[in-house]
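Enquirer:
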Amino acid sequence: MTWSEPGADGLGEAVGVLREWRAEGTPAQLHPGDLGWFWRSGAAATAAAVRLWRGHGGRVLAVGLLDGPDLLRLAFAPDVRRNEELARRLAGDVTEPGHGVLPEGRVNVEAPADSPLLDLLAAEYGWRTDEPWTPLARGLADPVEEPGVRVEVVGPERAEAFAAVHRSAFGGRRFTAERWHAMAAGLPYADGRSLVAYDGRGEPVAAVAVWSAGPGRPGLLEPMGVHAGHRGRGYGAAITRAAAAALRELGASSATVSTPTANTAAVATYEAAGFHRRPETHDRYRDASNRP
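As numbered in this note's numbering, the sequence shown has no gaps in its residue numbers, which increase by one up to the final residue, 274.
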């Protein structure tokens, strides 16, 4: 069993298996929409951040995304998600020097809650438990109520409105209309959609990207944000309801999202939009104090 980067030409395989692996009633794991959102940095950067673990015959057993310099997010094929041999191989790959899966310094690993990997990292390598995250979900069997504000689908002409809301909501300057175009050109965006909500004066006040994994599979909100100058007025819940409705139109069985538990305002926003909490999850992390 070995790992590799897929290269830009191999990203379709990674996106395809992530779609196939998503199913209702299973623990949350890396979603094709996570690759879709990362695609804002371009196909080459996305390919460099993806790791594939293959078994006999070249079958992909696990997909990882180095989501920034210090977080590896993982997904597993359903029949090996709880396989201890695979978990031990990945534990060695992410822990032992020279494997190249993770950089030096503090790093986190996110994996499905029922994978043995997380317990192995803690028990045998001394990795610690990080702060809790709260997953939330809303079933989409029934129609979603109206958002209560004007919401429009983002095309090229509204890319800057989406980007401006995102920059304000998350306090950064890097997300531009050009990055939206790169994201929209990515393979996962074939099952994606971007939305912007407007106030009564026509100002963009909230934005969200949604990602379907295909009909009958859970969809994802990533990211959702409200302009800093328009918070506390219900726009977050409104755009979240619109996101759920968009995923229903795309055939998703549910809408899912995850946020740090400490972000109580975000948890309350999703609950106001009809989402329900699921059991908290925890990454494992290592730093200089628990490096083998």
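Glycine included, C-beta positions come from ideal geometry on N, C-alpha and C.
For residue 193, report the span of its beta strand (DSSP E) as first-last.
Expert: Taking the sequence shown and counting its residues from 1, one reaches residue 193 at position 211. Run containing residue 193: 186 to 193, per the beta strand (DSSP E) assignment.
Enquirer: Using only the alpha-carbon positions, how far apart do residue 87 and residue 105 sit?
Expert: Translated into the one-based positions of the sequence shown, residue 87 becomes position 105. Translated into the one-based positions of the sequence shown, residue 105 becomes position 123. Cα-Cα distance, rounded: 20 Å.
Enquirer: Counting only beta-carbon atoms, is residue 32 nearer than 8 Å to chain D?
Expert: Given the protein chain composition of this structure (a single chain), no chain D is represented.
Enquirer: Could you round the C-beta distance between residue 239 and residue 118 to whole angstroms and report it? I think they count as a contact, below 8 Å.
Expert: Translated into positions along the sequence shown, residue 239 becomes position 257. Translated into positions along the sequence shown, residue 118 becomes position 136. The pair is a contact, with the Cβ atoms about 5 Å apart (cut-off 8 Å).
Enquirer: Can you tell me whether residue 258 is buried or exposed, with buried defined as 16 or more other CB within 10 angstroms of its CB?
Expert: By one-based count along the sequence shown, residue 258 stands at place 276. Exposed: under 16 other Cβ atoms inside 10 Å.
Enquirer: Look up residue 150 in the DSSP assignment and say whether it is helix, strand or coil.
Expert: Residue mapping note: residue 150 aligns to position 168 of the sequence shown, counting from 1. In the displayed model, residue 150 falls within a helix according to three-state DSSP.
Enquirer: Touching or not, the segment 34 to 49 and the segment 10 to 19, by the rule of three or more beta carbon pairs under 8 Å?
Expert: Contact annotation: the segment 34 to 49 touches the segment 10 to 19, with at least three C-beta pairs closer than 8 Å.
Enquirer: The alpha helix (DSSP H) spanning residue 163 covers which residue range?
Expert: Residue numbering aside, residue 163 sits at position 181 when the sequence shown is read from its first letter. Here the alpha helix (DSSP H) through residue 163 covers 159 to 166.
Enquirer: Rounding to the nearest angstrom, what Cα-Cα distance links residue 270 and residue 230 in this structure?
Expert: Working through the sequence shown from its first residue, we reach residue 270 at position 288. Working through the sequence shown from its first residue, we reach residue 230 at position 248. Taking the straight line joining both Cα atoms gives about 45 Å.
Enquirer: Where do the ends of the beta strand (DSSP E) carrying residue 307 lie?
Expert: Residue 307 is absent from the model: the chain starts at -17 and stops at 274.
Enquirer: Would residue 152 be called buried (16 or more neighbouring beta carbons within 10 Å of its own) or exposed?
Expert: As a first step, residue 152 is located in the sequence shown; it is residue number 170 there, counting from the start. Its Cβ having fewer than 16 others within 10 Å, residue 152 is exposed.
Enquirer: Determine contact between the segment 87 to 100 and the segment 51 to 71, defined as no fewer than three beta-carbon pairs at a distance below 8 Å.
Expert: yes
Enquirer: Is the segment 220 to 236 in contact with the segment 189 to 198, if contact means three or more CB pairs nearer than 8 Å?
Expert: Between the segment 220 to 236 and the segment 189 to 198, the count of C-beta pairs closer than 8 Å reaches three or more; the two stretches touch.
Enquirer: Let me check understanding here. Comparing Cα to Cα, which of 124, 177, 170 lies closest to residue 143?
Expert: For the purposes of this step, residue 143 is taken as the residue at position 161 of the sequence shown. With distances taken between Cα atoms, residue 143 lies closest to 177.
Enquirer: For residue 46, which residues does DSSP report across the bridge?
Expert: Here residue 46 refers to the residue found at position 64 of the sequence shown. Answer is 33, 56, bridged to residue 46.
Enquirer: Counting along the chain, where does the alpha helix (DSSP H) carrying residue 217 start and finish?
Expert: Position 235 of the sequence shown holds residue 217. Run containing residue 217: 217 to 231, per the alpha helix (DSSP H) assignment.
Enquirer: Following the continuous alpha helix (DSSP H) through residue 3, name the residue where it begins and the one where it ends.
Expert: Residue numbering aside, residue 3 sits at position 21 when the sequence shown is read from its first letter. Unbroken alpha helix (DSSP H) run through residue 3: -7 to 3.
Enquirer: So who's on the other strand from residue 238, going by DSSP bridges?
Expert: Against the sequence shown, residue 238 aligns to sequence position 256. DSSP lists 119, 202 as partners of residue 238.
Enquirer: Taking buried to mean at least 16 other C-beta atoms within 10 Å of its own C-beta, is residue 76 buried or exposed?
Expert: Working through the sequence shown from its first residue, we reach residue 76 at position 94. So residue 76 ends up on the buried side.
Enquirer: Excluding sequence positions up to five away, which residues of its chain have a Cβ less than 7 Å from the Cβ of residue 18?
Expert: For the purposes of this step, residue 18 is taken as the residue at position 36 of the sequence shown. Around residue 18: 165, 168, 170, 171, 174, 193.
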